[in-house]
Amino acid sequence: MVFLYKTTHEGQTRRGLFCGGSIVEPLHVVTAAHCVERLLETEIKVYAGKLDSNIDLIEPYQQSADVQLITIYESFVSETFHGDIAILTLDRPLNFTKGVKPLCVPRSGNTDKDLKPRPAKEPSFKYGMVFGWGVTVTQNFRESRVLREVKLPIRKQSFCTAAHPGMTKLMFCAGGLLKQDSCQGDSGGPFALWSARSQKWWLAGIVSWGDGCGDPTKPGVYTRVGTAVRQWIYNNTNIE
Ligand code: ARG
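Going left to right, the sequence shown walks through residues -14 to 225 as our numbering numbers them.
Following this line, the structure appears as structure tokens:
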């Protein structure tokens, strides 16, 4: 898990942490397209191995890298957030340590059922984990200082599209129980599924959008890392 830090003051967004991302191999980070579509490579710094969002507080596993190239998913539509995924190519490889690790990306042909962001028959749910430094209290819009995680149920696509008419096939929704949700600042971060079969965490979704935060009737929306998106990730990275 990494966070994206904006290094400049110009433009609409301020300096500081603005989104999350997932390491998929030493030189590549996956994030949301809407996080980076209006930015230049030189405006983004990637911080890995951090728990605290304060970049001046040096933590044991901390590493940072500059961005050499932003690659936005070819069918991303910025008005609807359809295909909200991008890849950042770093200027130098991250070292994998206890505190800096990649998340697995399923191959397109992978048949492990654990890796499908498909809801179980309600009321029993299939759960994924979301990580980020996003807003915890919507009243003050203050981002979290420490990295947080939450376990969220994947909801039925029909329930999701009823709650969010703007949803497309490249999205799924999760949450809506216990008022738990992702929120502003969490975008780009992983929605990860645990596979009992491989004993590993896999990237199944990316924090993308919502309508407010924590509203039980409006679960957060995630980019679906399905067959086409997985293939695109493999084509644009050096994952083996
Ligand atoms: N678009 C937001 C971001 O840029 C993510 C919002 C997710 N919202 C939600 N209710 N789950 O950080």
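No residue lacks a Cβ here, since even glycine has one placed at the ideal position from N, Cα and C.
Spatial neighbours of S180 in its own chain (CB-CB distance under 7 Å, excluding positions within 5 residues in sequence) are listed in chain order as D97, D99, L100 and W187. Around the CB of S193, 16 or more other CB atoms lie within 10 Å, so the residue is classed as buried. Per DSSP, I139 is not a residue of any alpha helix (DSSP H); the beta strand (DSSP E) it occupies stretches across R133 to I139. The way I'd put it, the stretch 68 to 83 does touch the stretch 5 to 17; three or more beta-carbon pairs between them come closer than 8 Å. Put simply, the backbone Cα of K141 is about 13 Å away from that of T202.
By the C-beta criterion, the stretch 201 to 218 is judged to be in contact with the stretch 136 to 156, since at least 3 inter-stretch pairs fall below 8 Å.
If the five residues before and after F176 are omitted, its C-beta is found closer than 6 Å to the C-beta atoms of G113, V115, A189, G190 and Y207, all from its own chain and listed in chain order. As DSSP reads the structure, F176 sits in a beta bridge with V115 and G190. For Q184, the secondary structure class from DSSP, reduced to helix, strand or coil, is coil. With respect to S60, Q216 sits apart: the two C-beta atoms are not nearer than 7 Å. Between Q53 and E26, the beta carbon gap of about 6 Å places them in contact (Cβ cut-off 8 Å). Placement of the Cβ of G161 at a distance of 6 Å or more from every heavy atom of the ligand ARG is found. Beyond the five residues adjoining it in sequence on each side, F110 comes within less than 7 Å, by CB distance, of P104, P138 and I139 in the same chain, given in chain order. DSSP places R77 outside any alpha helix (DSSP H), giving it a letter other than H or E.
In the structure shown, the three-state DSSP call for H67 is strand. Relative to the ligand ARG, even the nearest heavy atom lies 6 Å or more away from the CB of Q165.
Across the set G34, E64, Q169 and V85, the C-alpha of Q169 shows the shortest separation from the C-alpha of G197. For G190, the CB stays at least 6 Å from every heavy atom of the ligand ARG. Between the C-alpha atoms of N223 and E134 there is a straight-line separation of about 28 Å.
Straight through space, the alpha carbons of G5 and N80 are spaced by roughly 19 Å.
Cβ-Cβ separation between S49 and E22: approximately 22 Å, too far for a contact (criterion under 8 Å).
Looking at the DSSP output, G205 sits in a beta bridge with A159. C-alpha of K154 to C-alpha of E28: approximately 32 Å in a straight line.
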